[in-house]
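Chemist:
There are 2 protein chains.
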Amino acid sequence: MRRQNAGALFVALAVCLAPACARRSGAPDAAARYRDVVDRLRAAGLAGERAHRFLERICSVGPRLTGSAEADAAVALSLELMSGAGLENVHSEPVEVGRWVRGRAAEAAVAPTAARPALPLAVAALGGSVGTPDGGLTAPVVEVRSLDEAAALGPKAAGRIVFYNRPMDRRLTEPFAAYGGAADQRVAGASAAARSGAVAVLVRSLTFREDRHPHTGMLRYEPGAPEIPAAAVAAADADRLGALLREEPEARVTLILDGRNEGRVVSANAVGEIAGSERPDEIVLLGGHLDSWDLSVGAHDDAAGCAAALEALALLRDLGLRPKRTVRAVFFMDEEFGGTGGRAYAASPLRQGERHIVAAESDRGGFVPVGLAVGRPGSAALERMTALRDLLRPFGVAAVGPGGGGVDVAPLVAKGAEPAAVLPNAQPYFDVHHSALDTVAAVHPRELELQAIVLAVLAYVLAQEGVGAP
Amino acid sequence: MRRQNAGALFVALAVCLAPACARRSGAPDAAARYRDVVDRLRAAGLAGERAHRFLERICSVGPRLTGSAEADAAVALSLELMSGAGLENVHSEPVEVGRWVRGRAAEAAVAPTAARPALPLAVAALGGSVGTPDGGLTAPVVEVRSLDEAAALGPKAAGRIVFYNRPMDRRLTEPFAAYGGAADQRVAGASAAARSGAVAVLVRSLTFREDRHPHTGMLRYEPGAPEIPAAAVAAADADRLGALLREEPEARVTLILDGRNEGRVVSANAVGEIAGSERPDEIVLLGGHLDSWDLSVGAHDDAAGCAAALEALALLRDLGLRPKRTVRAVFFMDEEFGGTGGRAYAASPLRQGERHIVAAESDRGGFVPVGLAVGRPGSAALERMTALRDLLRPFGVAAVGPGGGGVDVAPLVAKGAEPAAVLPNAQPYFDVHHSALDTVAAVHPRELELQAIVLAVLAYVLAQEGVGAP
């Protein structure tokens, strides 16, 4: 576009929507009380775009697979970043985690026939998968679309590789819903197939894009089921394999995976805060997870969440905004293998005497905010943030509603903390999620900064006002 | 992130917001009436993601500078695409446009001194700029931050290159507002400097990113002012030049520009439609512009707008949705040099007997929708679309308000058409706008498709209901 009166158009939209909000009693007061703070956070945040620089630093460590040396290096770096930003009580807290090692890169190919050469398939071991026997394994393949189909195979699965090929339903507008509707294949597919005698599984990558990047992720071996090797296959390769199996139902695939589980090791969460001026034992927590998958540096998942939380506190600190209650950033370890970091944090003896009133988790990618989920329905936390929705709208937050939370803060929410989450645009998230595409360059500095500013507002307001009834 | 109950969180948000809408009288009826249509458009659109394929086709022509052979090829291709999609009355309409030629790529460098070598600057001629004399020009540089500062230079500008270096204000949340606050330097800077005797201007690129890509765009020579060469300088190079001038106030820059204006030529708008079943002379227009700048293929600006409009009609056609009034797609020529295509369309004798009731323009990038601007305040068009806002929210449309329109449809709006525009996320737009970065890969297929679906809903509903009082 060239030039047009863009400002007028947006102003018109904002004006039109304001009356609906102003009708809520107390809303104008609250908005007036926090307008100046929000404005200062906006100007400082957008001028500096520091969240992305924090993200670059975290990602400079490399992939941060739980239990790896890089994950431990990331903890040490995080403590440095927190101290450098002026946070207080900066420390690590131990977490016992599993250590899974991918080993050498996975290989797979449809075995050659007299009529055609071998056809390589882009694959990556699922997190937690055992390896194949020395030299790999070669077996015919049976394609299914669901766990039920796999279970129904019965003896027909014996000695075969079960190939889960149900795509995420791209007709759904909400990508997380499409992901949730397909992820059972990855999480539970190996054990379902193993119970029918399968020797391995291939799982279509969980993405809308039909490219050649495999997307890894955790699998869960069920007790009692044989532990068989499991790999994600890139979506384009899954399409190709599916088409080939219709032509050659007895085609055989060779799979070489090198994964192994190496037992338990001690890792850590990283913690820093701005201590409350009046009630330091009441805590508003902003969390992300420091571990990542190992096919990339995990920029969106979830260096972005850690960077946004740190930037939120750094902005408050820079502007001299110390609220009555404590605002704490926690970079959790081991979200990807099951949330042991979140559980260890909640169960730590250090929590004695502390009361977490809000537990926000940022783990949906570093994209532009589109909404804010906070508190239980009817809660004062929700009411207080809803009263500020006109102040939040310029940052992209078009709706404030109940909800929020996530894997890492679930134990705190179970103990009474109000959950919260900035909801970013999710349309591109699964393009990069758990794949080699989740790079620093894929995170937009302004979009991430907008998340950090919204987190800073959330944290400041609720640490100032608390979550009790007005 | 790993897995969490994402669906529940979003459902909670939606439920919370519904009552505000349901209070409007008539809203539940309207939503019920169109729920099935919206659902079919959603499923067909997202399953196919065809808007992005249309965009790829349009961009396959290459950069489509107004008056160029590529722009004419794009018109021919557009007619093919429209016919192929089953549109009716597909035709082109002539537009007389200016033809500006960039010629060889621009060059600029800070001249060497005894102490340092020459320092190259990444520049691109502004659209419409005259060239430099043979061999270029070399002159000292004076940096200013505004047109007023340039005018105040008076004789101090004589014989110099005036360097406009006021960045877009990154503290503003709304990128279009930041753009609007800085674009006067590009549009009017040359003439303002020329009146003070400057020999050329350099203008800082209009982007938030500090990279080495110059961003071009139209300049306007004022009658009576000498026409001097004008170039955009990449933001990183502008920073560097500004810093150097503080060390070396008499530093000289050599500039070689090869642009020239080659008079008037005849180009065309491309038009296709779904004729209304009852009132074919009443028209809901969906427009974008087919011309682009020449540093890239103009994927966001504005192949995206054309592709979204075409896909909206193609979806209606595929689903057999022929509304009572006509829905028309228009790919306008020459938005970038001033909107001659829009004026020619409105003034054409072909408009006799036609009444444009809605004129939507898509020219804000192919990003995920965040809002819908439609109609004048209090208009029936606005009321009707507001009643459907719960149906539109899953596509990202968090707010429906008055506004919309743009350069190309302004003449139709002036004659009474209700303006409209899908408002996309604008945060990344100026990163790519008018630069080499505006590529096909920069447009996300799902995000663009969501725009197309919202346009299809808008067009169908208003072509079915009209814009008269209920």
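Sequence order for the protein chains is A and B. Numbering (the numbering used here) for the first sequence: 167 to 636. Numbering (the numbering used here) for the second sequence: 167 to 636. Note that beta-carbon positions come from the ideal geometry of N, C-alpha and C, so glycine has one too.
#1: With burial defined as no fewer than 16 other Cβ atoms inside 10 Å of the residue's Cβ, what is the status of T492 (chain A): buried or exposed?
#2: So D405 (chain A) is in the alpha helix (DSSP H); what residue range does that whole segment cover?
#3: Does the beta carbon of G355 (chain B) come closer than 9 Å to any beta carbon on chain A?
#4: DSSP has W266 (chain B) in a bridge; who is on the other side?
#5: Give me, in chain order, the residues of the same chain whose beta-carbon lies closer than 8 Å to that of A402 (chain B); leave out the 5 immediate sequence neighbours on both sides.
#6: Identify the contact partners of H522 (chain A) in chain B, using a Cβ-Cβ distance below 9 Å as the criterion.
#7: Between A546 (chain A) and the rest of its own chain, which residues show a CB-CB distance below 7 Å, the 5 nearest in sequence each way excluded?
#8: Kindly indicate which three-state DSSP category M248 (chain A) falls into: helix, strand or coil?
#9: Helix, strand or coil: which one does DSSP assign to Y200 (chain A)?
#10: Between D405 (chain A) and A272 (chain A), is the Cβ-Cβ spacing less than 9 Å?
#11: Once the 5 residues before and after A364 (chain B) are set aside, which same chain residues still bring their CB inside 7 Å of it?
#12: Could you give the distance in angstroms between the alpha-carbon of A344 (chain A) and the alpha-carbon of R230 (chain A)?
#13: Determine which residues share a DSSP beta bridge with N331 (chain B) and list them.
#14: Helix, strand or coil for E439 (chain B), going by three-state DSSP, please let me know.
#15: Please report the Cβ distance between A639 (chain B) and G532 (chain B), rounded to the nearest whole angstrom; I am assuming they are in contact, meaning their Cβ atoms lie under 8 Å.
#16: DSSP puts V463 (chain A) in a beta bridge; with which residues?
#17: Alpha carbon to alpha carbon, what distance is there between V369 (chain A) and L578 (chain A)?
#18: Taking 8 Å as the limit between beta carbons, can you name the residues of its chain near T130 (chain A), skipping five residues before and five after?
#19: Can you tell me the Cβ-Cβ gap for L621 (chain A) and A475 (chain A), rounded? I've got them flagged as a contact below 8 Å.
#20: Taking just the CA atoms, how far does A209 (chain A) sit from A188 (chain A)?
#21: Determine the burial state of G250 (chain A): buried for a count of at least 16 other Cβ atoms within 10 Å of its Cβ, exposed for fewer.
#22: Taking 9 Å as the CB-CB cut-off, is D597 (chain B) touching chain A?
#23: Check for me: the alpha helix (DSSP H) holding L221 (chain B) runs from which residue to which?
#24: Looking at S244 (chain A) and C472 (chain A), is the spacing between their C-beta atoms short of 9 Å?
#25: Specify, as a first and last residue, the run of the beta strand (DSSP E) that S448 (chain A) falls within.
#26: Does the structure place the segment 382-390 of chain B close enough to the segment 611-629 of chain A that three or more beta carbon pairs sit under 8 Å?
#27: Of the choices A:V432, A:F374, A:A359, whose alpha-carbon is the least far from that of G346 (chain A)?
#28: Mind pulling the chain A residues with CB within less than 8 Å of V627 (chain B)?
#29: Counting only C-beta atoms, is A174 (chain A) closer than 9 Å to chain B at any point?
#30: Mind checking which residues open and close the alpha helix (DSSP H) that includes P577 (chain B)?
#31: Where in the segment 284-321 of chain A do unbroken runs of the beta strand (DSSP E), each at least 3 residues long, occur, reported from the N-terminal end onward?
#32: Using Cβ-Cβ distances below 7 Å, what residues of the segment 334-351 of chain A are close to chain B?
#33: Note down, in chain order, each residue of its chain lying with its Cβ closer than 8 Å to the Cβ of L516 (chain B), except the 5 sequence neighbours on either side.
#34: Identify which residue in B:S458, B:T279, B:W266, B:V367 has its Cα closest to the Cα of E430 (chain B).
#35: Select from A:E340, A:R336, A:A317 the residue whose C-alpha is nearest the C-alpha of R361 (chain A).
Modeler: From the atom records:
#1: Per the 10 Å Cβ criterion, buried.
#2: Per DSSP, the continuous alpha helix (DSSP H) segment holding D405 (chain A) begins and ends at 401-413.
#3: Not an interface residue.
#4: Beta-bridge pairing links W266 (chain B) to B:N427.
#5: Cβ within range, chain order: A288, E376, D377, R378.
#6: Residues of chain B passing the Cβ test: none, with the nearest at roughly 18 Å.
#7: Excluding positions up to five away in sequence, the list reads V633, G634, A635, P636.
#8: If DSSP states are grouped into helix, strand and coil, M248 (chain A) belongs with the helices.
#9: Helix.
#10: For the 9 Å CB-CB criterion, D405 (chain A) and A272 (chain A) do not form a contact.
#11: Excluding residues within five positions, the ones whose Cβ falls inside 7 Å are A323, R326, I327, V328, I394.
#12: A straight line joining the alpha-carbon of A344 (chain A) with that of R230 (chain A) spans about 27 Å.
#13: Note: N331 (chain B) is not bridge-paired with any residue in the DSSP secondary-structure output.
#14: Correct three-state label for E439 (chain B): strand.
#15: Outside the displayed range of chain B (167 to 636) lies residue 639 (chain B), so it cannot be described from this structure.
#16: V463 (chain A) is not bridged to any residue.
#17: For L578 (chain A) and V369 (chain A), the distance between alpha carbons rounds to 33 Å.
#18: There is no way to answer for residue 130 (chain A), as the model of chain A reaches only from 167 to 636.
#19: Yes, L621 (chain A) and A475 (chain A) are in contact; Cβ-Cβ is about 6 Å, under 8 Å.
#20: Note that A188 (chain A) scores 40 on pLDDT, short of 50, meaning its location in the model is unreliable; the coordinates nonetheless yield the value given after this. The alpha-carbon atoms of A188 (chain A) and A209 (chain A) are separated by roughly 25 Å.
#21: Label assigned to G250 (chain A): exposed.
#22: Chain A, which has a Cβ nearer than 9 Å to the Cβ of D597 (chain B), makes this yes.
#23: Start and end: 216-225.
#24: It is a contact, given that the beta carbons lie within the stated cut-off.
#25: Looking at the sequence shown, residue 448 (chain A) is not Ser but Glu. Per DSSP, E448 (chain A) belongs to the beta strand (DSSP E) from 445-455.
#26: Taking a cut-off of 8 Å on C-beta distances, the segment 611-629 of chain A does not touch the segment 382-390 of chain B, as fewer than three cross pairs fall below it.
#27: The shortest C-alpha separation from G346 (chain A) is found at A:F374.
#28: By Cβ distance, chain A contributes nothing, its closest Cβ being about 18 Å from V627 (chain B), past 8 Å.
#29: Per-residue confidence for A174 (chain A) stands at a pLDDT of 39, beneath the threshold of 50, marking its modelled position as unreliable; no derived number is given.
#30: Here the alpha helix (DSSP H) through P577 (chain B) covers 576-580.
#31: 285-287, 289-291, 303-310, all fully within the segment 284-321 of chain A.
#32: Of all residues in the segment 334-351 of chain A, R336, R337, T339, E340, F342, A343, G346, A349 have a Cβ within less than 7 Å of some Cβ in chain B.
#33: Only E259 meet the Cβ criterion.
#34: The question names Glu, yet the displayed sequence has Arg at residue 430 (chain B). Ranked by Cα distance from R430 (chain B), the first of B:S458, B:T279, B:W266, B:V367 is B:W266.
#35: Nearest C-alpha to R361 (chain A): A:A317.
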